[in-house]
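*Asks:*
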Amino acid sequence: MKNNNTEPYNNQIQWEKILKNYAILIIGLFIMSFGVALSVISDLGTTPISCIPNVLKYAVPLSLGTITIIFNFLLILIQVIILKSEFQRKQWMQLVVTIIFGYFIDFALYILEPIKPTNYISQWILCIISCFIIALGVYMEVTSNAIVLPGEGVSLAVRHVTHIEFGKLKTAFDTSNVIIGAILSITLYGSFRGIGLGTIFAGIVVGYIVRGYRQLFNLISN
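In terms of the numbering used here, the sequence shown opens at residue 321 and continues consecutively.
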């Protein structure tokens, strides 16, 4: 006969695990937001997933965090359109995560506002530092096993219906963001604004740095 006395204990363990996973995710988002803020301050262009909001911030009277929230809401809507009835209810948590991330970005920009690059070299130093910080946040997001940001959610949704490798889809998604960001920038301002070499650089190196963090933390934990 099954002993039901263990069920409350198991439920407690389950909730503790969930809370731990989401705590890691929130910390990762907080770290990532400071990386995004530094990339914005560098004025060389931010990461591919943030480049469209960063371009639009010059055209609309909204903060970067608010634009990021709206942009990610659209990405969630795209997931719903792709997956239809297969869109899992727990994925609506992306809404909450997106709002938190947006407010974190605005907070980070406020805290780091006194930082001003004085020349091209200092711009690149900030850009490179931002890539390492963003990569650490991404690593924590991925390893949290909680919920993904809508940017990754779109790629996962497309993979679900096409069975194409996630890495290829993520690359295609990031490339699309950069192309759309560039088109918007040229259309709105007649030049590249909010997007630049830093965007391309981040798109190339952040993934490698994330893998480096994974190897480093695996080495430490073993």
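Just so you know, even glycine gets a beta-carbon here, dropped at the ideal spot from N, CA and C.
Where do the N-terminal and C-terminal ends of the alpha helix (DSSP H) with S450 fall, by residue?
*Replies:* It spans Y440 to T463 - the alpha helix (DSSP H) in which S450 sits, taken as one unbroken run.
*Asks:* Any idea what DSSP makes of Y378, helix, strand or coil?
*Replies:* It is coil, neither helix nor strand.
*Asks:* Identify which residue in E472, A379 and S359 has its Cα closest to the Cα of P437.
*Replies:* If we check each option's Cα against that of P437, S359 comes out closest.
*Asks:* Could you give the distance in angstroms between the alpha-carbon of S362 and the alpha-carbon of A466?
*Replies:* Distance between the alpha carbons of S362 and A466: 31 Å.
*Asks:* Whole angstroms is fine: what's the gap from L397's alpha carbon to W444's?
*Replies:* Roughly 35 Å between the two C-alpha positions.
*Asks:* Alpha carbon to alpha carbon, how far is V478 from N497?
*Replies:* Roughly 16 Å between the two C-alpha positions.
*Asks:* Out of I499, E472, V458 and G510, which one is the CA nearest neighbour of V526?
*Replies:* When only C-alpha atoms are compared, the closest one is V458.
*Asks:* I need the straight-line Cα distance from C447 to L376, nearest angstrom please.
*Replies:* Straight-line Cα distance between these residues: approximately 20 Å.
*Asks:* When the Cα of G471 is compared with those of N392, G365 and P373, which residue comes out closest?
*Replies:* For G471, the nearest C-alpha among the options comes from N392.
*Asks:* Under 8 Å: do the stretch 498-511 and the stretch 339-349 share three or more Cβ pairs, one atom per stretch?
*Replies:* With a cut-off of 8 Å, the stretch 339-349 and the stretch 498-511 do not count as touching, because too few Cβ pairs lie within range.
*Asks:* Taking the alpha-carbon of I425 as reference, which of G510, N374, I524 and I449 has the nearest alpha-carbon?
*Replies:* Cα-wise, what sits closest to I425 is N374.
*Asks:* Name the residue from G473, A428 and V474 whose alpha carbon lies nearest to the alpha carbon of I453.
*Replies:* When only C-alpha atoms are compared, the closest one is A428.
*Asks:* Can you give the Cα-Cα distance for L339 and R534, rounded to whole angstroms?
*Replies:* Approximately 22 Å, taken between the alpha carbons.
*Asks:* Taking the alpha helix (DSSP H) that D494 belongs to, which residues open and close that run?
*Replies:* Looking at the DSSP string, the run of the alpha helix (DSSP H) that includes D494 is F486 to Y509.
*Asks:* What would DSSP say about M321, mapped onto helix, strand or coil?
*Replies:* Note that M321 scores a pLDDT of 47, beneath 50, so its modelled location is shaky; the value from the coordinates is reported in the next line. Here M321 sits in coil by DSSP.
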